[in-house]
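Here the structure comes first, spelled out in structure tokens, and everything after it is commentary.
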Amino acid sequence: MRRAPLASTVLVLACNAGGDADDTDLQAGVDAEQAITFRAVVGDETWRCAANYENIGKTKATASFGDLKLYVHDLVALLPDGTEQPVELADDAPWQGEGVALLDLEDGTGSCAVQGDTALRSEVIGTFRDDAVGLRLTVGVPDALNVGPADDTSTPPLDRDDLLVNATSGFRYLRTVVITGGTGRWPVEIFDVWGTDPATGDPRELQDAQVQITLPGFRAADDAVLVDLAVLLSDSDPTTNFSTTPAGSTRPQVSPEGCQMTPGDQDCTGIFRHYGLGGVAADFLRVGPLDPTGP
383 MRRAPLASTV LVLACNAGGD ADDTDLQAGV DAEQAITFRA VVGDETWRCA ANYENIGKTK
443 ATASFGDLKL YVHDLVALLP DGTEQPVELA DDAPWQGEGV ALLDLEDGTG SCAVQGDTAL
503 RSEVIGTFRD DAVGLRLTVG VPDALNVGPA DDTSTPPLDR DDLLVNATSG FRYLRTVVIT
563 GGTGRWPVEI FDVWGTDPAT GDPRELQDAQ VQITLPGFRA ADDAVLVDLA VLLSDSDPTT
623 NFSTTPAGST RPQVSPEGCQ MTPGDQDCTG IFRHYGLGGV AADFLRVGPL DPTGP
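Going by our numbering, the sequence shown opens with residue 383, and the numbers climb by one from there.
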């Protein structure tokens, strides 16, 4: 449900050069609590758990999707004069807290019954200028909060055991699963990767999986942030799993199914290209119509 703006009007008075009483009221943007809506799509189609979609990935497979969740933080409104305004996120448990928001775009039906649930969250609630003409956000969880177990003292939305990888790698920033052939499950799970420094034995980060994405032209009253699963999978083959045969061996070494951040797993190469890792700008998020039945 969208919330009504909670702000008073700000007026800018412009006087003419002669100082006459014929002043003109110029309406500037006002700070308002607004909903930033997210919608999951597969290309031009709205995504639903119970539906199958054609032409997925490099092999043009027919597939459904079994989950879709993502964390976002550090949202910034881009204003008409070129300045920026941090979006002040509301504390709205269990979906928002400590400047982090969790989006849950699946409803636990159909193909989402295995990993999903009936809870839904498709918007981020925050306060920012209502004349903003763009949005920047970071997919992920801030480093300071992305450590330790999710326990009874954790603040929502960082109390989700199902999204926690471990105390070091922290939370899954993005999770979905591609289902092909009725039973084949090809998960996509994006999170930080940590290892051990061979010189010191200390932990070190091998892959920072947070990505910053800018969405010019976004207006909260008219637009939604589209999460495009077809784009995310467009350079991947969810019908197979990467394997390689090490030198001197006749036995193929198979990576974990799908892309689960295993170093060297080529199933992640195409996913990274569209998620925004490896120096490539993310394109799996884009601006689209707020109403899926609209233009």
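Quick reminder that beta carbons are idealized off the backbone N, C-alpha and C, glycines included. Small disclaimer: the values here were computed from a predicted structure and weren't measured.
Sub-7 Å separation of residue i and residue j beta-carbons
i	j	result
ASP524	ALA549	At residue 524 the sequence reads Pro, which differs from the Asp that was named. Cβ atoms of PRO524 and ALA549: not closer than 7 Å.
LEU460	GLY411	no
GLY660	PHE654	yes
PHE447	LEU597	no
GLY439	SER618	yes
PRO468	ASP513	no
THR509	GLU466	no
LEU487	PRO539	no
THR621	THR562	yes
LEU519	VAL454	yes
LEU588	VAL575	yes
ILE507	ALA414	no
LEU672	ASP604	yes
VAL529	TYR555	no
Reduced DSSP category for residue i - H, G, I as helix; E, B as strand; rest coil
i	result
PHE447	strand
PHE654	helix
SER625	strand
CYS641	strand
LEU457	strand
ALA417	strand
ASP525	helix
ASP619	coil
TYR517	The displayed chain sequence assigns Leu, not Tyr, to residue 517. Three-state result, LEU517: strand.
PHE613	The residue you asked about is not Phe; residue 613 is Val in the sequence shown. DSSP places VAL613 in helix when its eight states are reduced to three.
ASP474	strand
Min CB distance residue i to chain C below 7 Å
i	result
LYS442	Note that chain C does not occur in the displayed structure, where there is just one protein chain.
Residue burial classification, residue i (beta-carbon count within 10 angstroms, cutoff 16)
i	result
VAL679	In the structure displayed, the chain extends from 383 to 677; residue 679 sits before or after that span and is not available.
GLY670	buried
ARG586	exposed
GLY332	Any property of residue 332 remains undetermined from this structure, which presents the chain solely from 383 to 677.
GLY658	buried
LYS451	buried
ARG557	buried
PRO636	Note that residue 636 corresponds to Val in the displayed sequence, not to Pro. The residue in question, VAL636, is exposed, as its Cβ has fewer than 16 Cβ neighbours within 10 Å.
VAL559	buried
ASP499	exposed
ALA501	exposed
ASP449	buried
SER631	exposed
Contact test: residue i Cβ vs the ligand GTP heavy atom, cutoff 6 Å
i	result
ASP649	No copy of the ligand GTP appears in this structure; indeed no ligand is present at all.
Practice item. Please list the segments of the beta strand (DSSP E) lying wholly inside the stretch 571-604, counting only runs of 3 or more residues, in order along the chain. Key: Fully enclosed beta strand (DSSP E) runs of 3 or longer: 575-578, 585-589 and 593-598.
Check your understanding: Pairing CB atoms from the stretch 474-493 with CB atoms from the stretch 419-435, are three or more of them under 8 Å?
Key -> A contact is defined here as three or more CB-CB pairs under 8 Å, and the stretch 474-493 meets this definition with respect to the stretch 419-435.
Review point. How about the stretch 633-642 and the stretch 564-577: do they share at least three Cβ pairs that are nearer than 8 Å?
Key: Touching, per the Cβ criterion.
**Study point:** Three or more C-beta pairs below 8 Å linking the stretch 645-652 and the stretch 601-620
**Key:** These segments touch.
Review point. Along the chain, which unbroken stretches of the beta strand (DSSP E) at least 3 residues long are found entirely within the stretch 477-515?
Key: Those beta strand (DSSP E) runs which fall completely within the stretch 477-515 and span 3+ residues are 482-486 and 505-511.
Check your understanding: Could you give the uninterrupted runs of the beta strand (DSSP E) lying entirely in the stretch 536-572, keeping only those of 3 residues or more?
Key -> Scanning the stretch 536-572 for uninterrupted beta strand (DSSP E) segments of 3 residues or longer gives 546-548, 556-562 and 566-572, listed from N- to C-terminal end.
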